[in-house]
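Beneath this line is the structure, given in structure tokens, with notes to follow.
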Amino acid sequence: MSSLAADLGDRFPGREEQVDQLLTLLGDEHDPAPPCLFAYGPSATGKTAVIRELFAKYDTEGRHHAYVSGVECFTPRLLFERVLNAWAGHVPSLESRFANYARCENAVDFVNCVRDLLCDRQDETHYIVIDQAERLRDRGPMLLTLLLRLSELAGASISTVLISNVVWDKFRPRHGGAPDPIPVFFSSYTKQQMLAIIERDCPEDEPPKFFLTFVDAIYEVFHRNCADLNELRHLVAMLYPKFVQPVFEGQATRSEFTRLFKLCQPYFSAASERLYLREISTSEWQKYSAVASAATAPEDVTRSIYQMAESSEGLDLPYYTKFLLIAAFLASYNPTRLDAQYFSRAKAPTKRRTKGAAAQNAQDAKDRQQLLGPKSFGIERMLAIFYSIIVEPVDSSVDVQIQIASLVTLRLLTKTSAGDRLDGIKCKCNVSLESIRAISQSVRFDVERYLYNFA
Amino acid sequence: MPARQPSATDADVRSIKRAVLGRLYGRAPLPTLVGLDAAVDAVHTLLRQTVASSEGNTALVVGPRGSGKTAVVERALARLGEHSGAHHVVRLSGFVHTSDRLALRDIARQLLATQDLEHVLVGSFADAFAYILGLLRTSRGAGGPVAPVLFVLEEFDLLAQHPKQALLYALFDVAQSQQTPVAVLGLTARIDAVDLLEKRVKSRFSHRQIFVHGAASLEDFAQIAACALRVDAARDGPVADALALQFNRRVADILAAAPVAQHVASLFEFGKDARQLLRVFAPAVARISAAAPLPDVAAVEASVAMDAASAKMQVLAAVSLLELCLVAAMKSLVQAGCCRYNFEMVYSEYKTFMSRHMVAVAAGGVMRIYKKPVALKAFEALVELEIVRPVLPLAAAAEGPATAHARNDLLAGSAAAARAPKEFRMVQLMLDPGQVVELVAARADVPTVIRRWVQQ
Chain B
17 MSSLAADLGD RFPGREEQVD QLLTLLGDEH DPAPPCLFAY GPSATGKTAV
67 IRELFAKYDT EGRHHAYVSG VECFTPRLLF ERVLNAWAGH VPSLESRFAN
117 YARCENAVDF VNCVRDLLCD RQDETHYIVI DQAERLRDRG PMLLTLLLRL
167 SELAGASIST VLISNVVWDK FRPRHGGAPD PIPVFFSSYT KQQMLAIIER
217 DCPEDEPPKF FLTFVDAIYE VFHRNCADLN ELRHLVAMLY PKFVQPVFEG
267 QATRSEFTRL FKLCQPYFSA ASERLYLREI STSEWQKYSA VASAATAPED
317 VTRSIYQMAE SSEGLDLPYY TKFLLIAAFL ASYNPTRLDA QYFSRAKAPT
367 KRRTKGAAAQ NAQDAKDRQQ LLGPKSFGIE RMLAIFYSII VEPVDSSVDV
417 QIQIASLVTL RLLTKTSAGD RLDGIKCKCN VSLESIRAIS QSVRFDVERY
467 LYNFA
Chain G
303 MPARQPSATD ADVRSIKRAV LGRLYGRAPL PTLVGLDAAV DAVHTLLRQT
353 VASSEGNTAL VVGPRGSGKT AVVERALARL GEHSGAHHVV RLSGFVHTSD
403 RLALRDIARQ LLATQDLEHV LVGSFADAFA YILGLLRTSR GAGGPVAPVL
453 FVLEEFDLLA QHPKQALLYA LFDVAQSQQT PVAVLGLTAR IDAVDLLEKR
503 VKSRFSHRQI FVHGAASLED FAQIAACALR VDAARDGPVA DALALQFNRR
553 VADILAAAPV AQHVASLFEF GKDARQLLRV FAPAVARISA AAPLPDVAAV
603 EASVAMDAAS AKMQVLAAVS LLELCLVAAM KSLVQAGCCR YNFEMVYSEY
653 KTFMSRHMVA VAAGGVMRIY KKPVALKAFE ALVELEIVRP VLPLAAAAEG
703 PATAHARNDL LAGSAAAARA PKEFRMVQLM LDPGQVVELV AARADVPTVI
753 RRWVQQ
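Protein chains in written order, with the working numbering: chain B, 17 to 471; chain G, 303 to 758.
Below, the structure written as structure tokens:
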């Protein structure tokens, strides 16, 4: 047991305490195990990795534990049948026509099958490990209670291990039948632990200390907006080749960190956010990004990065459709009472300032439509706005109606009235302000002038 | 006095662990049921009357969660089994048998033990049930006495919620009509379980209720823990007498330690749940080994502290600074009187604050204002932790508590096309302002400006 603990401690730095807790609670094969264990903690703290590895080594035969995922098993039947397959050591194959070990559609069948399967293995504890256990809450009110009390119901020694990043308070079923499990908390990694883990990612031919300095610099900047280990590893893996390239080209030596950072600057500023948001995919980055070297001008590098990230912005619509979209945006975000003021061709009389204008403005600051989201509007209003912002006369109105239909299909407009109504259709605009600005720039239309109360 | 650990053999330690952990985890019954003797006697009398005198009896055992209802019934059944004739026991549970059909199938399986059940389950519930009892009678031989059947129905209130209560009606009907000697014991945690019954079912019920209360006093409650932890050399397998004595002395020390006694007292005041009480001692007992065969007081105290700690605060203790700023922005929106807000409003509040103050970070440099997509990713991380939950529109909330429970639809692309894009969906922070202040106070790396902002 202690060799297993040492082994896992080597594999997973920073998780020694949790491994120790788990191994103590599981004990030897013949010790009773708790009816339910709950491993919780923020994401990317190694819960699934540690528990899977632990069970793989602890349960040498493989027939005493069953690992299921709450996401995959979206009906109780899938969960029950997988657990029985794992405990019986049954693998669906061509000969058995890919049938599972037993057919179990409801809880009664499951409890009976478990009782039959385990009646001759009375002394050994069996485990069910459920990952993403928060999904089980939706699968029926009794499923969670059943799994937690399976030991009593089936009369065998069964232990359920739940893994989740949501705390137990949100799991407790309302009718109160589920006993509280023994919790095992996986805390977030500290800075030292994170550096120790990422250090293992160092490529073989690079000096570790050099790599570590780079990782340290990235961590300092990056951990303010994201404390997630996986994201940090991804960023380090993508940016390190660019950082170390000047050394291979002979423009700087390994000891000149400042110069290397300066050469790599365009990548850090332009790329780190886009890589983090996955606007540029990993494969795109590795194939198309320009190599960092003193020879490449910084502007070229920046431009190539922006080009890679631009593909999502390309809303290539016909001319009138762009104006229709702008009109829809204005209809969604401007109040109806101000339409005459903004959009009528004739000179509308200016409204008289009322006394409470200042107070009105102060209240508007919090309730701005920009913050509340798009309102729904009638199609007629949008068409009225459209015809007033188009400068030249429009030939046929049939095209316009077809364009509206295609905008709805592209989900740039959302229909809020019932699906089968043919008249009085109401829609909402689904496009963000930045896209509308880009679109109106492309048709040389000044949309800012028509927006009311936008920051 | 330094704790000197005595030496022990592996076999001793294994026996102790098996016995004590078995009791702590609820896998083995406690040796004595504290304060429940009257209830055990009542149940035992009832069952004995059915078995010995072939009467039909019905009763309801009512008691809060963890008060020992199942233990009482099992103890009575065990006592009965010693000196009575043959009888069948059928166990049903409201968790598992979620419809009358399933319950009937399981009754047939438990009573008849035949695999071919399909020809049995035809017709209405009452017909099928009568057929099963008829089969049971004939299987014993034509002239022999009929063996009584004892039904133990756990979670009786859930069984009473099946449509038409066919199962309960059939059972109570047989108990009253005395064709087959049947005893029906329902176990429930609801005091008003009798009111859930329909009129025709209630009239066949004997209205006999046996109440199982929780422990009457703090001493009794603590006695439950002592009873579960103490090792008896004769009963708990081969254990050296000296070791058992020292173990029991250590158990007395543990229960007398101040944090443990306080925890037991607070559990007694809160709910008197025996399972919750016993769970706390398990990690310390699981840790014993041949080198250190006595449980450590410090380990029990650590387990008590872990139980009392707030899990939410633990998980939030290491969120990134940006996520903390978003939580602080939500708190200031709530304090300004706005009870419904969405990501756009939170982000604009965050931007207003950051542009007004220069936030210097501990490692040097200034914390910049993050762009909206980055802030949205941090916001979604908070939603995943369920610190921020979507506020359902009123129509959906009125549909029923079942649909409103726990499903986090903010991130999912829901089929309701009328809802806004995800930045505009209304959310709610699940922490109150005091907890946010506590969260910020517990961290050392938060810049002073943000700390002051939160503490306003």
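A virtual CB, placed ideally from N, CA and C, is assigned to each residue, including glycine.
Closest Cα partner of residue i within the set the options
| i | options | result |
| --- | --- | --- |
| Phe-470 of chain B | B:Glu-295, B:Leu-426, B:Gly-43 and B:Arg-384 | B:Arg-384 |
| Ala-373 of chain G | G:Met-615, G:Leu-335, G:Asp-598 and G:Val-602 | G:Leu-335 |
| Ile-213 of chain B | B:Gly-192, B:Asn-246 and B:Arg-240 | B:Asn-246 |
| Pro-92 of chain B | B:Gly-156, B:Lys-444 and B:Gln-37 | B:Gly-156 |
| Gly-425 of chain G | G:Arg-403, G:Gly-436 and G:Leu-414 | G:Arg-403 |
| Leu-134 of chain B | B:His-80, B:Glu-408, B:Ala-115 and B:Ser-456 | B:His-80 |
| Pro-450 of chain G | G:Val-486, G:Gln-578, G:Lys-466 and G:Arg-754 | G:Val-486 |
| Glu-222 of chain B | B:Asp-244, B:Tyr-256 and B:His-239 | B:Tyr-256 |
| Ala-354 of chain G | G:Leu-326, G:Ala-477, G:Gly-387 and G:Arg-381 | G:Gly-387 |
| Gln-578 of chain G | G:Gly-639, G:Gln-730, G:Ala-683 and G:Ile-526 | G:Ile-526 |
| Leu-228 of chain B | B:Arg-153, B:Val-410, B:Ser-285 and B:Ser-271 | B:Ser-271 |
| Asn-181 of chain B | G:Leu-557, G:Val-617 and G:Val-422 | G:Val-617 |
| His-250 of chain B | B:Val-260, B:Thr-274, B:Arg-290 and B:Ala-268 | B:Arg-290 |
| Leu-70 of chain B | B:Cys-52, B:Val-124, B:Val-35 and B:Glu-220 | B:Val-35 |
| Glu-140 of chain B | B:Ile-174, B:Phe-126, B:Val-130 and B:Ala-434 | B:Ile-174 |
| Val-739 of chain G | G:Met-632, G:Val-729 and G:Glu-646 | G:Met-632 |
| Phe-277 of chain B | B:Tyr-292, B:Lys-258, B:Gly-266 and B:Leu-293 | B:Lys-258 |
| Leu-77 of chain B | B:Lys-63, B:Ser-85, B:Val-87 and B:Ala-102 | It is worth fixing the name first, because residue 77 of chain B is Glu in this sequence and not Leu. Measuring from the Cα of Glu-77 of chain B, the nearest candidate turns out to be B:Ala-102. |
| Cys-641 of chain G | G:Leu-731, G:Ala-683, G:Ala-613 and G:Ala-567 | G:Leu-731 |
For residue i, the first and last residue of its enclosing alpha helix (DSSP H)
| i | result |
| --- | --- |
| Cys-280 of chain B | 273-282 |
| Gly-25 of chain B | 18-27 |
| Glu-625 of chain G | 623-637 |
Rounded C-alpha distance that separates residue i from residue j
| i | j | result |
| --- | --- | --- |
| Leu-624 of chain G | Leu-387 of chain B | 20 Å |
| Leu-169 of chain B | Phe-187 of chain B | 21 Å |
| Pro-351 of chain B | Arg-465 of chain B | 15 Å |
| Thr-298 of chain B | Met-254 of chain B | 8 Å |
| Arg-492 of chain G | Ser-59 of chain B | 39 Å |
| Thr-425 of chain B | Leu-678 of chain G | 26 Å |
| Pro-772 of chain G | Pro-723 of chain G | Because chain G spans 303 through 758 in this model, residue 772 of chain G falls outside it and cannot be assessed. |
| Gln-757 of chain G | Val-364 of chain G | 49 Å |
| Ser-19 of chain B | Val-237 of chain B | 39 Å |
| Arg-510 of chain G | Gly-488 of chain G | 10 Å |
| Val-263 of chain B | Asp-185 of chain B | 53 Å |
| Val-398 of chain G | Gln-412 of chain G | 15 Å |
| Cys-445 of chain B | Ser-404 of chain B | 18 Å |
| His-464 of chain G | Leu-498 of chain G | 11 Å |
| Leu-733 of chain G | Leu-164 of chain B | 28 Å |
| Glu-701 of chain G | Leu-423 of chain B | Residue placement at Glu-701 of chain G cannot be trusted, given a pLDDT of 44 that sits under 50; what the coordinates show is reported in the next sentence. Whole-angstrom Cα-Cα distance: 32 Å. |
| Val-99 of chain B | Arg-153 of chain B | 18 Å |
| Gly-337 of chain G | Pro-749 of chain G | 57 Å |
| Pro-50 of chain B | Ser-605 of chain G | 15 Å |
| Val-84 of chain B | Ile-146 of chain B | 5 Å |
| Gln-357 of chain B | Val-463 of chain B | 15 Å |
Boundaries of the beta strand (DSSP E) in which residue i is found, first to last residue
| i | result |
| --- | --- |
| Leu-731 of chain G | 729-731 |
| Lys-442 of chain B | 442-445 |
| Ser-285 of chain B | No beta strand (DSSP E) contains Ser-285 of chain B, which DSSP labels as neither H nor E. |
| Gln-511 of chain G | 511-513 |
| Ser-180 of chain B | 174-180 |
Between the region 197-210 of chain B and the region 23-33 of chain B, can you find at least three pairs of beta-carbon atoms closer than 8 Å?
Yes, since at least three Cβ pairs between the region 23-33 of chain B and the region 197-210 of chain B fall closer than 8 Å, the two stretches touch.
3-residue-minimum beta strand (DSSP E) runs that sit fully inside the region 390-432 of chain B, ordered along the chain
Contiguous beta strand (DSSP E) elements confined to the region 390-432 of chain B occur at 429-431, taking only those with 3 or more residues.
Any chance you could list the beta strand (DSSP E) runs of at least 3 consecutive residues sitting entirely within the region 99-164 of chain B, in chain order?
Correct list: 142-147.
Ranges of the alpha helix (DSSP H) found wholly within the region 193-244 of chain B, counting only runs of at least 4
Complete alpha helix (DSSP H) runs here, min 4: 207-215 and 224-238.
Is the region 329-349 of chain G close to the region 363-377 of chain G, with three or more CB pairs under 8 Å?
Counting Cβ pairs under 8 Å, three or more are found: they touch.
Just to confirm the assignment: which complete alpha helix (DSSP H) runs, minimum length 4, are found wholly within the region 382-424 of chain G?
List check, alpha helix (DSSP H) in window: 402-414.
Hey, is the region 104-122 of chain B in contact with the region 41-51 of chain B, meaning 3+ C-beta pairs nearer than 8 Å?
Touching, no.
Segments assigned alpha helix (DSSP H), at least 4 residues, entirely inside the region 39-86 of chain B:
Runs of the alpha helix (DSSP H) inside the region 39-86 of chain B: 63-74.
Check whether the region 549-569 of chain G and the region 596-606 of chain G touch, using three or more Cβ-Cβ pairs below 8 Å as the test.
With a cut-off of 8 Å, the region 596-606 of chain G and the region 549-569 of chain G count as touching, because enough Cβ pairs lie within range.
Are at least three pairs of beta-carbons, each pair with one atom in the region 408-423 of chain B and one in the region 314-330 of chain G, less than 8 Å apart?
Fewer than three pairs of CB atoms, one per stretch, sit closer than 8 Å, so the region 408-423 of chain B makes no contact with the region 314-330 of chain G.
Can you check the region 492-550 of chain G for any beta strand (DSSP E) of at least 3 residues that lies completely inside it and give the ranges in chain order?
Taking 3 residues as the shortest admissible run, the region 492-550 of chain G contains the following complete beta strand (DSSP E) segments, listed from N- to C-terminal end: 511-513.
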